[in-house]
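Enquirer: Encoded as structure tokens, here's the structure I'll be asking about.
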Amino acid sequence: MESKKIFELIEKEKQRQTKGLELIASENFVSDEVMKAAGSVLTNKYAEGYPGRRYYGGCEIIDQIEEIAIESAKKLFGAAYVNVQPHSGAQANAAVFLACLKPGDKVMGLDLAHGGHLTHGSPVNFSGLNYDPVFYKVNKEDGRINYEDMMATARREKPKMIIVGASAYSRDFNYKKFREVADEIGAILMADISHPAGLIAKGILSDPLPYCHIVTTTTHKTLRGTRGGMIMLGKDFENPFGYKTPKGEIKMMSQVFDGAVFPGTQGGPLEHIIAAKAITFIEALSDEFLVYAHQVVKNAQVLSKSLIERGFEIISGGTDNHLMLIDLHNKNITGKVAEKVLEKAAITCNKNMIPYDDRSPFITSGIRFGTAAVTTRGLKENDMIKIADFVNEVIDNPENDKVLNKVREEVNSLMDSRPLFNW
Ligand SMILES: *Cc1c(COP(=O)(O)O)cnc(C)c1O
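At position 272 of the sequence shown (counting the first as 1) the number is 348 in my numbering, and the numbers step up by one without a gap.
Here it is in structure tokens:
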């Protein structure tokens, strides 16, 4: 097999991304600059360690790049400490678990079936296999986190760490309430803002940094950067680990977290990706990104409202962020089939469990949509109404190839009018 084949496939994937309507809530499109850095010669360099203290020679230039990434991320989120080396969101979370917990310690996260993430205690993930997970849930009636119940669970179970954050929750979080109960039981509070990071950075959603001891994120969802992860500590970080801090307690904790990433859970950092992260943060600091982030939320609100007007049921009745979870029960179609038929019409999304789902994770009763990627394509409120019509036609006619083909052509021509890649 020749490597040419891979480039042919990359070209095909580029066409798919260009022509299709991307509604996967966790995806986005990076700028040409981010792409260029991610595909650069930096991939050749080993740089185990941190700027100024590496285990390899020749890191002088790499050090400057990583410093810019760190400083830009600090400025973007107002964080006191940042580690930009985690290869992904899951890797960032693994490092936090290693830094904060011993195997077998109890952790509390949002139930996976209620919008939580695999790394928040799922039985098939390290977080559930090596630790002792308990979960809080959303209300059946309104799809929102039941804060009273969450606090009662925390008081009863006394987890050593509480995780606030989700992959399929369309509402903002009350971080203060989480902190209140964490303080009461002496727990560490970690926020995982992988999904809404870009919206939080621009002040559109509540900021977890003043309340949470630790904040982790991915850099490739609403933050619109390269695929990667990151760990942050806030200014008011109060040392929850009982370490003696002579004066700079932040420095002390930075050593703990730096050590948990390398050598704790990773080897050499991906410096090409760290360069791409630096560009991501610099882009996100711009005023254009503020306009983008506002448009993401406006689009999500119009899309969810338009879907509701067409008879779709949205969990919690709407959205505060970039995503929405659709309960398909009244449409007599499963999440699995909906995902498939939408794909036939060039609309990409993912099947998703809904809270209290009566179907398995492989079938599901829901689908999840997000507007981060379509907003990058330049789609606005009036396009969201069109998307709701496309989705409605497809879901009403899952076996009618004529309808599916017609919608696909309409999707393709809409996307053709919004060019994507300059390379
Ligand atoms: C996406 C996501 C992650 C994992 O990110 P990967 O980069 O895929 O490892 C972790 N936590 C939450 C809440 C997420 O949404």
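No residue lacks a Cβ here, since even glycine has one placed at the ideal position from N, Cα and C.
Since the model is a prediction, treat every value here as computed from it, not as a measurement.
Let's test the definition: count the other Cβ atoms within 10 Å of the Cβ of R130 and tell me whether it reaches 16, buried, or not, exposed.
Expert: The sequence position of residue 130 within the sequence shown is 54, counting from 1. Buried.
Enquirer: By DSSP, does M491 sit in helix, in strand, or in coil?
Expert: Taking the sequence shown and counting its residues from 1, the one referred to as residue 491 is at position 415. M491: helix per DSSP, three-state reduction.
Enquirer: Using the three-state DSSP reduction, which class does A267 fall into: helix, strand or coil?
Expert: As a first step, residue 267 must be located in the sequence shown, where it is residue number 191. It is a strand residue.
Enquirer: Is N428 near ligand 1 - that is, is its Cβ less than 7 Å away from at least one heavy atom of it?
Expert: For the purposes of this step, residue 428 is taken as residue 352 along the sequence shown, with counting starting at 1. Every heavy atom of ligand 1 is 7 Å or more from the Cβ of N428, so no.
Enquirer: Given a cut-off of 8 Å on the beta-carbon distance, is the pair L370 and G446 in contact?
Expert: Residue mapping note: residue 370 aligns to position 294 of the sequence shown, counting from 1. Residue mapping note: residue 446 aligns to position 370 of the sequence shown, counting from 1. The sequence shown places His at residue 370, not Leu. Going by C-beta atoms, H370 is not nearer than 8 Å to G446.
Enquirer: At what residues does the alpha helix (DSSP H) containing V373 begin and finish?
Expert: Working through the sequence shown from its first residue, we reach residue 373 at position 297. Element bounds for V373: 363-385.
Enquirer: What are the residues that DSSP puts in a beta bridge with K182?
Expert: Walking along the sequence shown from the start, residue 182 turns up at place 106. DSSP lists D208 as partners of K182.
Enquirer: Within the same chain, show all residues whose beta-carbon is closer than 7 Å to that of Y132, passing over the 5 residues directly before and after it, in chain order.
Expert: Counting from one through the sequence shown, the residue named residue 132 turns up at place 56. Correct list, in chain order: Y122, A123, E124.
Enquirer: Specify the secondary structure class of D139 as computed by DSSP and reduced to three states.
Expert: Counting from 1 along the sequence shown, the entry for residue 139 is found at position 63. Reduced to three states, the DSSP call for D139 is helix.
Enquirer: Tell me where the alpha helix (DSSP H) around D108 begins and ends.
Expert: Sequence index remark: in the sequence shown, residue 108 carries index 32 (1-based). First-last of the alpha helix (DSSP H) with D108: 108-114.
Enquirer: Taking the alpha helix (DSSP H) that R92 falls in, what are its first and last residues?
Expert: Within the sequence shown, the letter at position 16 stands for residue 92. 79-95 is the extent of the alpha helix (DSSP H) around R92.
Enquirer: Tell me which same chain residues have a C-beta within less than 6 Å of the C-beta of T94, skipping the five on either side of it?
Expert: Locating residue 94 in the sequence shown gives position 18, where the first residue counts as 1. These residues qualify, in order along the chain: L496.
Enquirer: Could you give the distance in angstroms between the alpha-carbon of G324 and the alpha-carbon of L177?
Expert: Within the sequence shown, numbered from 1, the residue matching residue 324 stands at position 248. Within the sequence shown, numbered from 1, the residue matching residue 177 stands at position 101. Bear in mind that a pLDDT of 46 at G324, under 50, signals an unreliable position, so the number given afterwards is only what the model happens to contain. Rounded to the nearest angstrom, the two C-alpha atoms are 23 Å apart.
Enquirer: What separation, rounded to the nearest whole angstrom, lies between the Cα atoms of G262 and V332?
Expert: For this step, residue 262 is matched to residue 186 along the sequence shown. For this step, residue 332 is matched to residue 256 along the sequence shown. Straight-line Cα distance between these residues: approximately 19 Å.
Enquirer: Have a look at A360 and H296 and give me their C-alpha separation to the nearest angstrom.
Expert: Indexing the sequence shown from 1 puts residue 360 at position 284. Indexing the sequence shown from 1 puts residue 296 at position 220. Answer to the nearest angstrom: the Cα atoms are 12 Å apart.
Enquirer: Applying the 10 Å Cβ sphere with the 16-neighbour rule, what's the burial state of F249?
Expert: Along the sequence shown, one-based indexing puts residue 249 at 173. The residue is buried, with at least 16 neighbouring Cβ atoms inside 10 Å.
Enquirer: Starting from V172, trace the alpha helix (DSSP H) in both directions and tell me its first and last residue.
Expert: Stepping through the sequence shown from its first residue, residue 172 is reached at position 96. That run of the alpha helix (DSSP H) goes 165-176.
Enquirer: Examine ligand 1 and report whether any of its heavy atoms sits within less than 7 Å of the Cβ of N169.
Expert: Residue 169 sits at position 93 when you count from the first residue of the sequence shown. Yes, the Cβ of N169 comes within 7 Å of a heavy atom of ligand 1.
Enquirer: Do you know offhand how far M77's Cα is from I349's?
Expert: The count along the sequence shown starts at 1 and reaches residue 77 at position 1. The count along the sequence shown starts at 1 and reaches residue 349 at position 273. Cα-Cα distance, rounded: 28 Å.
Enquirer: Are the CB atoms of E419 and I402 nearer to each other than 8 Å?
Expert: Along the sequence shown, one-based indexing puts residue 419 at 343. Along the sequence shown, one-based indexing puts residue 402 at 326. The answer is no: Cβ separation not under 8 Å.
Enquirer: Use the C-beta contact count for G260: other C-beta atoms within 10 angstroms, 16 or more gives buried, fewer gives exposed.
Expert: Sequence index remark: in the sequence shown, residue 260 carries index 184 (1-based). As written in the sequence, residue 260 is Glu, which differs from the Gly given in the question. It is exposed - the Cβ of E260 has fewer than 16 other Cβ atoms within 10 Å.
Enquirer: N426 bridges to which residues according to DSSP?
Expert: Stepping through the sequence shown from its first residue, residue 426 is reached at position 350. R444.
Enquirer: Alpha carbon to alpha carbon, what distance is there between A230 and R255?
Expert: Reading the sequence shown from its first residue, position 179 is the one you call residue 255. Reading the sequence shown from its first residue, position 154 is the one you call residue 230. So the two alpha carbons sit approximately 11 Å from each other.
Enquirer: Can D268 be considered in contact with ligand 1, in the sense that its beta carbon sits closer than 7 Å to one or more heavy atoms?
Expert: Looking up residue 268 in the sequence shown gives position 192. Yes; taking the cut-off as 7 Å, the Cβ of D268 has a heavy atom of ligand 1 nearer than that.
Enquirer: Tell me the rounded alpha-carbon separation between A376 and V160.
Expert: Within the sequence shown, numbered from 1, the residue matching residue 376 stands at position 300. Within the sequence shown, numbered from 1, the residue matching residue 160 stands at position 84. C-alpha separation (whole angstroms): 29 Å.
Enquirer: Taking V106 as the reference, give the member of E485, V450, S493 with the closest Cα.
Expert: Taking the first residue of the sequence shown as 1, we reach residue 106 at position 30. Checked all of E485, V450, S493; the closest Cα to V106 is V450.
Enquirer: When you measure from the CB of G204 to every non-hydrogen atom of ligand 1, does any distance come out below 7 Å?
Expert: The residue given as residue 204 occupies position 128 in the sequence shown. Answer for G204: no, Cβ out of range of ligand 1.
Enquirer: Measure the CB-CB distance between T292 and A168 and report whether it falls below 8 Å.
Expert: Translated into the one-based positions of the sequence shown, residue 292 becomes position 216. Translated into the one-based positions of the sequence shown, residue 168 becomes position 92. Contact flag set, yes.
Enquirer: Does the structure place the segment 475-489 close enough to the segment 429-442 that three or more beta carbon pairs sit under 8 Å?
Expert: Result no; under three Cβ-Cβ pairs closer than 8 Å.
Enquirer: Just to confirm my understanding: we take I276, look at its own chain, exclude 5 residues before and 5 after, and list those with CB closer than 8 Å. What are they?
Expert: The residue labelled residue 276 in the question sits at position 200 within the sequence shown. Result list for I276: F153, I269, S282, D283, P284, in chain order.
Enquirer: Check whether the segment 404-422 and the segment 335-349 touch, using three or more Cβ-Cβ pairs below 8 Å as the test.
Expert: No contact exists between the segment 404-422 and the segment 335-349.
Enquirer: Closer than 8 Å by C-beta to A149: which residues in its own chain qualify, once you throw out the five before and the five after it? Chain order, please.
Expert: For the purposes of this step, residue 149 is taken as residue 73 along the sequence shown, with counting starting at 1. The answer, listed in chain order, is A155, V158, V160, M306, M308, K353, F357.
Enquirer: Quick check on DSSP: helix, strand or coil for Y223?
Expert: Position 147 of the sequence shown, counting from 1, holds the residue named residue 223. Three-state result, Y223: helix.
Enquirer: So, at 6 Å on beta carbons, what are the nonlocal neighbours of I372 in its own chain, with the 5 sequence-adjacent residues on each side left out?
Expert: Walking along the sequence shown from the start, residue 372 turns up at place 296. Rather than Ile, the amino acid found at residue 372 in this sequence is Val. Here the set comprises H398, T447, A448, T451.
Enquirer: Taking T119 as part of the alpha helix (DSSP H), name the residues at either end of that continuous run.
Expert: Taking the first residue of the sequence shown as 1, we reach residue 119 at position 43. Element bounds for T119: n/a, residue is neither H nor E.
Enquirer: Less than 7 Å separating the Cβ of S198 from some heavy atom of ligand 1?
Expert: Taking the first residue of the sequence shown as position 1, residue 198 is located at position 122. No, the Cβ of S198 stays beyond 7 Å of every heavy atom of ligand 1.
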